[in-house]
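Protein chains in written order, with my numbering: chain H, 155 to 580; chain A, 94 to 399.
Virtual Cβ for every residue (Gly too), placed ideally from N, Cα, C.
Listed below in structure tokens is the structure:
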């Protein structure tokens with residue numbers, strides 16, 4: 155007996171080194187995996203910020219614009235809709251560079267300034283008609299090619315034919331810079347404008363509002379339906395083959411590719427129910443279908459985590475099933491339900507595929523003002539801009555992604571805070 | 094364990110598997126021994142030994158059977174429980190005493206596969222009749238559980254919950270009164286009267302269990318079921334609960350499931366011994382502990398089973 159006990163001790167000790175080696179190897183592999191993940195994430199964020207950060211700035215050119223009545227109202231009557239504000243900008247540019255002559259050269263010169271300059275002048279005159287006849291010094295946005303040149307995204311050293319801005323234009327930009335007539339400022343247009351074909355005019359407000367209206371529809375539909383379904387399935391539904399079948403199908407629905415939901419939305423909401431195309435309402439309906447399984451699964455898990463002793467205590471006191479659910483189970487499960495809902499919402503916010511199917515990929519300039527106005531969504535805007543040929547859209551794509559990730563981060567943070575705040579210990 | 098086995102084999106040398114006791118085998122470490130015990134019950138007859146009837150019966154069970162799916166958990170239990178009587182249900186784990194207890198306030202209703210046959214009457218009314226709402230029954234038959242399970246609410250709200258859902262208090266003052274009286278009766282008022290708004294889950298285990306008792310008596314029930322109320326408590330807290338049971342027995346019929354024979358001896362007037370779903374013996378507490386009639390009861394109280 156004693157001999158065998160000593161023997162077993164020796165065996166255990168002999169094996170210890172091997173166990174420790176295995177443990178160390180396992181730890182090392184775990185750390186390696188984590189490090190790889192962190193590195194990928196770091197590279198992703200770094201490139202995104204490096205590419206996108208410059209989009210939050212925009213180059214502006216200072217011009218002395220003479221609001222000459224002879225240009226704006228040649229027949230003595232000012233009509234804002236038809237007045238030639240672009241002509242004022244052209245005159246101002248010609249005055250700045252008096253030695254530029256010839257039609258094509260002048261046309262090149264005019265291209266330094268964005269077409270937004272004319273709109274800006276029109277708005278100024280509309281706000282204050284007394285400006286007519288005076289000369290004002292204003293900052294107008296530069297064209298996207300000038301912007302790219304200033305930000306260093308176009309290399310002036312390479313052959314002229316390989317860049318969208320020619321040597322003469324580069325020289326003019328340099329002379330503007332020398333005269334302190336060129337400046338980069340915060341790009342408010344990015345946040346106040348809808349989409350545009352001109353990169354310097356394009357903004358994410360339209361997409362942002364589209365996403366906002368869609369998420370409202372999604373929350374309003376998916377949260378109550380999902381929670382109600384979860385409560386019914388967990389607390390009231392009899393366990394039977396039917397409830398098992400429903401459970402399996404809900405789990406399967408959570409794994410269905412999102413584009414399938416888009417096709418369903420196209421067939422049911424647009425073709426059959428004749429709801430408008432490209433509308434946040436339809437997008438929200440499709441996204442509710444998409445997030446419902448996620449919410450149901452999370453809510454059921456939250457309900458299951460409520461200890462049965464609490465239910466028994468309430469039942470033992472004579473509470474009815476409804477009272478047990480609404481007085482005891484719901485308050486304890488609510489943080490989990492809300493967390494699941496927010497996670498479902500952030501998935502909905504990041505979805506683009508199903509929205510392509512219901513026409514939310516259209517080029518829409520106006521910022522939507524309601525649930526049935528045509529709109530796009532943030533991820534779709536990313537897709538649209540990534541598809542555009544202008545160089546300036548590349549940085550705007552990254553900027554849109556940064557904004558999208560920012561919202562996702564805020565939502566996930568909210569989920570964490572809600573869970574921490576509302577969680578009750580028992 | 095070895096001792097038990099030897100005794101049983103001596104008692105039943107020619108035993109063969111007669112009863113389908115497979116489902117119970119899982120609850121006992123040695124399935125073979127369990128099967129033999131069942132046979133011996135059969136041999137002794139299925140009749141309960143002792144006195145199942147009592148004076149002034151309040152809760153009467155006649156031929157109660159409980160099935161969980163195919164599992165026959167309670168077999169033909171007939172038992173009368175008297176008014177203002179403390180009766181202790183004892184027996185080894187898995188013998189069905191808790192299951193029987195939960196029949197008395199229809200807590201088994203929440204288990205889908207559970208099926209109860211036979212009749213149980215409370216003050217002459219069948220509690221399983223279709224026109225009786227379990228909600229109304231549970232207001233009359235309160236329950237205290239094995240593990241203290243206060244709601245994650247304030248002490249006040251814990252006690253006030255029952256009266257609130259049943260609408261027992263007309264106004265806030267009356268509710269305050271119910272809460273205070275109940276806490277007082279449960280012997281907890283002195284300890285908590287300055288912190289009624291603190292969570293009930295912040296109390297010690299013994300205090301929590303007394304809070305659960307206060308919560309139960311706040312509904313003013315006629316019967317209190319206690320399912321091993323002291324098994325999660327230390328001896329001092331246990332002693333307090335036992336004193337409390339003694340005091341409460343003046344006004345309430347108390348059915349207590351316990352694993353402690355000392356506890357059964359201390360608090361109860363009658364004891365019912367359950368074994369593998371059968372009610373083996375019922376009698377006055379003194380009689381059970383000094384002069385058990387049934388071999389199984391004797392084996393259990395002398396520590397040879399369980």
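Given 8 Å as the limit, is there contact between the segment 272-285 of chain A and the segment 327-341 of chain A, that is, 3 or more CB pairs closer than that? Yes: at least three Cβ pairs fall under 8 Å.
Tell me, please, whether the CB atom of residue 305(A) is closer than 9 Å to any CB atom in chain H? The beta-carbon of residue 305(A) is placed less than 9 Å from the nearest beta-carbon of chain H.
What first and last residue would you give for the alpha helix (DSSP H) that runs through residue 414(H)? Looking at the DSSP string, the run of the alpha helix (DSSP H) that includes residue 414(H) is 412-419.
Under 7 Å, CB to CB, which of the residues in the segment 461-484 of chain H have a partner in chain A? Correct list: 463, 464, 466, 467, 469, 470, 471, 472, 473, 474, 477 and 482.
Can you pull the DSSP bridge partners for residue 544(H)? DSSP, once it has assigned bridges, lists no residue as partnering residue 544(H).
I'd like to know whether the C-beta of residue 489(H) is nearer than 9 Å to at least one C-beta of chain A. Closer than 9 Å: no.
For residue 312(H), does the three-state DSSP call read helix, strand or coil? In the three-state scheme derived from DSSP, where H, G and I count as helix and E and B as strand, residue 312(H) is classed as coil.
Return no unless some Cβ of chain H is closer than 9 Å to the Cβ of residue 242(A). At least one chain H Cβ lies under 9 Å of residue 242(A).
Given residue 310(A), which residues of its chain have a CB within under 8 Å of its CB, disregarding the five upstream and five downstream residues? Hits under 8 Å: 235, 275, 278, 279, 317, 341 and 345.
When the cut-off is 9 Å and only beta carbons count, does residue 486(H) lie next to chain A? It does: the Cβ of residue 486(H) has a partner Cβ on chain A nearer than 9 Å.
Rounded to the nearest angstrom, how far is the Cβ of residue 271(A) from that of residue 261(A), given a contact under 8 Å? Right, their Cβ atoms sit about 7 Å apart.
Skipping 5 residues on each side, what residues in its chain have a beta carbon closer than 6 Å to that of residue 486(H)? By the criterion of a C-beta distance shorter than 6 Å, residue 486(H) is surrounded in its chain by 460, once the five residues flanking it on both sides are discounted.
Closest Cβ-Cβ distance between residue 205(A) and chain H: below 9 Å? Closer than 9 Å: yes.
Residue interval of the beta strand (DSSP E) (run including residue 158(A)): Looking at the DSSP string, the run of the beta strand (DSSP E) that includes residue 158(A) is 150-161.
Drop a sphere of 10 angstroms on the beta-carbon of residue 470(H), count the other beta-carbons inside from all chains shown, and report buried for 16 or more, exposed for fewer. By the 10 Å Cβ count, residue 470(H) comes out buried.
Would the segment 323-343 of chain H count as touching the segment 289-308 of chain H if we require 3 or more Cβ pairs under 8 Å? Verdict: yes, contact present.
Give me, in chain order, the residues of the same chain whose beta-carbon lies closer than 6 Å to that of residue 210(A); leave out the 5 immediate sequence neighbours on both sides. Excluding positions up to five away in sequence, the list reads 158.
Taking C-alpha atoms, which residue in 256(A), 392(A) and 364(A) lies nearest to residue 145(A)? Checked all of 256(A), 392(A) and 364(A); the closest Cα to residue 145(A) is 364(A).
If you measure between the beta carbons of residue 162(A) and residue 206(A), is that distance less than 9 Å? Cβ atoms of residue 162(A) and residue 206(A): closer than 9 Å.
Taking the alpha-carbon positions, what's the residue 203(H) to residue 552(H) distance? Between residue 203(H) and residue 552(H), the C-alpha separation is close to 7 Å.
Using the rule of at least 16 other Cβ atoms within 10 Å of the residue's Cβ for burial, across every protein chain shown, is residue 172(H) buried or exposed? Under this definition residue 172(H) is an exposed residue.
Residues near residue 242(H) in its chain [Cβ-Cβ closer than 8 Å; skip 5 each side]: Contacts found: 219, 220, 221, 222, 225, 226, 272 and 275.
Where the beta strand (DSSP E) containing residue 179(A) begins and where it ends: According to the DSSP assignment, residue 179(A) belongs to the beta strand (DSSP E) that extends over 179-183.
So, at 7 Å on beta carbons, what are the nonlocal neighbours of residue 206(H) in its own chain, with the 5 sequence-adjacent residues on each side left out? Excluding residues within five positions, the ones whose Cβ falls inside 7 Å are 549, 552, 553, 555 and 556.
For the beta strand (DSSP E) that residue 209(A) lies in, which residues bound it at each end? Judged by DSSP secondary structure, residue 209(A) falls within the beta strand (DSSP E) whose first and last residues are 207-215.
Less than 8 Å between the CB of residue 281(H) and some heavy atom of the ligand MG, yes or no? In the structure shown, the ligand MG is absent, as is every other ligand, since no ligand is present at all.
Beta-carbon separation (whole angstroms), residue 540(H) vs residue 509(H), contact threshold 8 Å: Not confirmed; about 15 Å, so no contact.
Which residues in chain A have a C-beta closer than 8 Å to the C-beta of residue 393(H)? List them in chain order. When 8 Å is used as the limit between beta carbons, residue 393(H) is near these residues of chain A: 205, in chain order.
Name the DSSP bridge partner or partners of residue 172(A)? The bridge partners DSSP lists for residue 172(A) are 154(A).
Burial state of residue 360(A) (16 or more Cβ within 10 Å): Flag for residue 360(A) reads buried.
In chain order, which alpha helix (DSSP H) runs of at least 4 residues are fully inside the segment 252-324 of chain A? Within the segment 252-324 of chain A, the runs of alpha helix (DSSP H) at least 4 residues long that lie entirely inside it are, in chain order, 265-278, 282-285 and 298-310.
Closer than 9 Å to chain H by CB, residue 254(A): Yes - at least one Cβ of chain H is within 9 Å of the one on residue 254(A).
Would you decide whether residue 367(H) is buried or exposed? Buried here means 16 or more other CB atoms lie within 10 Å of its CB. Buried is the call here.
Examine chain H for any beta-carbon lying closer than 9 Å to the beta-carbon of residue 235(A), and answer yes or no. At least one chain H Cβ lies under 9 Å of residue 235(A).
Can we say the segment 375-383 of chain H touches the segment 448-455 of chain H, given the rule of at least three CB pairs closer than 8 Å? Between the segment 375-383 of chain H and the segment 448-455 of chain H, the count of Cβ pairs shorter than 8 Å is three or higher; the stretches touch.
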